[in-house]
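Chains as they are written, first to last, in UniProt numbering: chain B, 1 to 250; chain E, 1 to 250.
Number of protein chains: 2
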Amino acid sequence: MQKKSRIQFTSVKIEDLMFRTTFDPRTREGDLIVNLSLINSKDYDDVIKIFSMAMNSGLTVSPMIKVLHEGDKFGEMTIGKDEVGFATVCSITIDGVLLKAGVMIKPKFGGLVEIRDGLPVRFTNVLTYQSTTIDPLEVLMSQELTSVMEMLRTGTGKILANLREAPMIARDIIDSTLSDMVDAGITGILEVGEPNTRILDVPVERDHLGIVVIGGTNPMAIVQEHGIPIRTNAMSTLMSFSEMKHIREL
Amino acid sequence: MQKKSRIQFTSVKIEDLMFRTTFDPRTREGDLIVNLSLINSKDYDDVIKIFSMAMNSGLTVSPMIKVLHEGDKFGEMTIGKDEVGFATVCSITIDGVLLKAGVMIKPKFGGLVEIRDGLPVRFTNVLTYQSTTIDPLEVLMSQELTSVMEMLRTGTGKILANLREAPMIARDIIDSTLSDMVDAGITGILEVGEPNTRILDVPVERDHLGIVVIGGTNPMAIVQEHGIPIRTNAMSTLMSFSEMKHIREL
């Protein structure tokens, strides 16, 4: 008899990954949450060029990357013939690290943020984690609603981002943890709201503040906008920081 | 200054369309909710063949259709050059008609149902309406997770479907209304659950029953599985039943 697996909402998967996050931004050791992307090996040079540009422009969470080649294992899968895989830092890593710092952090949704003249204006589309079995950023990428490349060129466009909420009482520890993260090269904070105020035009829970982080999958969105085939599995698994290197070292 | 429109969750759009539904299954008059699909006019013959097959196999809500040609208006849009549009019945019509019959009906989510040997087994993916700004069935189509054609050929595959809940007290009026709908050619009921039992492996609210209806966008999923470009705007607007004809009359 075939194994019957019940549907799993993204929020449950996120809780699992956050719980298993052990990355310590001060020692730069431990495991962080990564996305996996697969491309045809013939597109390698083009994709690396795009990734470098996107990562150097700060359009992702971190410039750290691990390249996987044919036969390499990644979680439960093996990279296939003529394929190259990239493990990159997932923005939910920030939630995992904040949780381990003792903050009640609640990832809420992934969405598209409209940037106008370089400034984030508002969320135009959102999918909440607790109500979808497919990762919101994967969904939004495949809907071809992003214009990340245009945003890089003109300062105006739509990029992938996500929102979490935290109790306002935790403001100080959030600030210091995010600052430690930046020192370790994990950036991408788009906006930290004031308690009880809307953030990028969406409401936050009373006595909470919203934190918007750039989606780790924006580089993949640019690859896709260029018509290069790429398959992305967001929030794929965990990986030790020590296994990754800066994209400029490739 | 550019108009700023706040995000609108699918559930709000659905409430609006249900409220405006006036279709009466007994007189077969009034407006029902339709999906709009756009194709290249050169693909017309292939698409009509697929639509006919899908609709004759009961893989959609209704065989009624309206074909729109270049210059035709549909809601606020106009069909473009070398384009053909199809308005087809959306499964949320069933919710609109039940609401107008006085039933507290609550559309919950769209998802994929695994069919094995012709029998629906379980939901494998779901997206709830109240937490996404993009229609779940559009999302699932674009993720290329469907295997509707394979299901037609072999009896096993994944098709688009959606779930609504209603209070168990309304059971009789639901049964009679659905029966009137069938007489009027609006079918596609995949399963009506017993109160307080799981339906296709998802739980329903206490003292409620779940009703699973086949997605009106399955024919479009087949078109896409054949590699023919098609753009679908599910739950697009309302249309008078009198404007539509049976697909065999095309």
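Beta carbons: idealized from backbone N, C-alpha and C, even for Gly.
Between residue i and the rest of its own chain, which residues show a CB-CB distance below 8 Å, the 5 nearest in sequence each way excluded?
| i | result |
| --- | --- |
| K74 (chain B) | What sits at residue 74 (chain B) in the sequence shown is Phe, not Lys. So the list reads L36, L68, G85, A87, S236, T237, once near-sequence residues are dropped. |
| D117 (chain E) | G155, T156 |
| D180 (chain B) | P25, R26 |
| S57 (chain E) | L152 |
| I14 (chain B) | I92, D95, P107, Y129, M235 |
| H226 (chain E) | D46, I50, M149 |
Name the DSSP beta bridge partners of residue i, please?
| i | result |
| --- | --- |
| R164 (chain B) | B:P107, B:I211 |
| N125 (chain B) | B:L112 |
| V148 (chain E) | DSSP lists no partner for V148 (chain E). |
| K66 (chain B) | B:A87 |
| K13 (chain E) | Answer by DSSP bridge pairing: none, since K13 (chain E) is not bridged. |
| E29 (chain B) | B:D24 |
| M77 (chain B) | B:F74 |
| G96 (chain E) | DSSP lists no partner for G96 (chain E). |
| L119 (chain B) | B:R116 |
| L178 (chain B) | None; L178 (chain B) has no bridge partner. |
| G157 (chain B) | B:I115 |
| I39 (chain E) | E:V84, E:I230 |
| V34 (chain B) | B:V89, B:T237 |
Report the rounded CA-to-CA distance for residue i versus residue j, giving the unit in angstroms.
| i | j | result |
| --- | --- | --- |
| M53 (chain E) | L152 (chain E) | 9 Å |
| R198 (chain B) | D172 (chain B) | 20 Å |
| P219 (chain E) | D82 (chain E) | 21 Å |
| S147 (chain E) | A170 (chain B) | 47 Å |
| E205 (chain E) | I211 (chain B) | 33 Å |
| L178 (chain E) | R20 (chain E) | 19 Å |
| V61 (chain E) | N40 (chain E) | 24 Å |
| F9 (chain B) | D201 (chain E) | 14 Å |
| T232 (chain B) | T217 (chain B) | 8 Å |
| R28 (chain E) | S176 (chain E) | 15 Å |
| L112 (chain E) | I174 (chain B) | 39 Å |
| S242 (chain B) | L250 (chain B) | 15 Å |
| I48 (chain B) | L59 (chain B) | 14 Å |
| A221 (chain E) | D135 (chain E) | 14 Å |
| G110 (chain B) | V213 (chain E) | 28 Å |
| D45 (chain B) | F51 (chain B) | 10 Å |
| L145 (chain E) | V182 (chain E) | 29 Å |
| M1 (chain E) | L119 (chain B) | Note that M1 (chain E) scores 36 on pLDDT, short of 50, meaning its location in the model is unreliable; the coordinates nonetheless yield the value given after this. M1 (chain E) and L119 (chain B): Cα-Cα distance of roughly 16 Å. |
| V192 (chain B) | M55 (chain E) | 50 Å |
| V139 (chain E) | I7 (chain B) | 17 Å |
| R164 (chain B) | L38 (chain B) | 28 Å |
| E76 (chain B) | R248 (chain B) | 28 Å |
Do residue j and residue i count as a contact pair if the criterion is CB distance below 8 Å?
| i | j | result |
| --- | --- | --- |
| D31 (chain B) | F23 (chain B) | yes |
| P25 (chain E) | H246 (chain E) | no |
| P229 (chain B) | N162 (chain B) | no |
| L190 (chain E) | L160 (chain E) | no |
| A166 (chain E) | M104 (chain E) | yes |
| M244 (chain B) | I65 (chain B) | yes |
| T132 (chain B) | T132 (chain E) | yes |
| Q143 (chain B) | S11 (chain E) | no |
Could you name the residues of the same chain whose beta carbon sits closer than 7 Å to that of residue i, not counting the 5 residues immediately before and after it, in chain order?
| i | result |
| --- | --- |
| M18 (chain B) | I92, D95, G96, L99 |
| P195 (chain E) | M168, D207, H208, L209 |
| I79 (chain B) | L68, H69, E70, G71, D72, G85 |
| D43 (chain B) | I228 |
| Q224 (chain E) | M141, I230 |
| A101 (chain E) | I173, T177 |
Once the 5 residues before and after residue i are set aside, which same chain residues still bring their CB inside 6 Å of it?
| i | result |
| --- | --- |
| V121 (chain B) | E114 |
| E150 (chain B) | G157 |
| residue 280 (chain B) | The structure shown does not extend to residue 280 (chain B), since chain B is modelled only from 1 through 250, so no value can be given for it. |
| V126 (chain E) | F109, G111 |
| T124 (chain B) | L112, E114 |
| K3 (chain B) | Confidence in K3 (chain B) is poor, its pLDDT being 46 and thus under 50, which makes the residue's placement unreliable; the coordinate value appears in the next sentence. The answer is none, since no qualifying residue turns up. |
| residue 251 (chain E) | Any answer about residue 251 (chain E) is impossible in this case: the structure gives chain E only from 1 up to 250. |
Unbroken beta strand (DSSP E) runs of length 3 or more, entirely within the region 185 to 247 of chain E: which are they? 189 to 192, 208 to 214, 230 to 240
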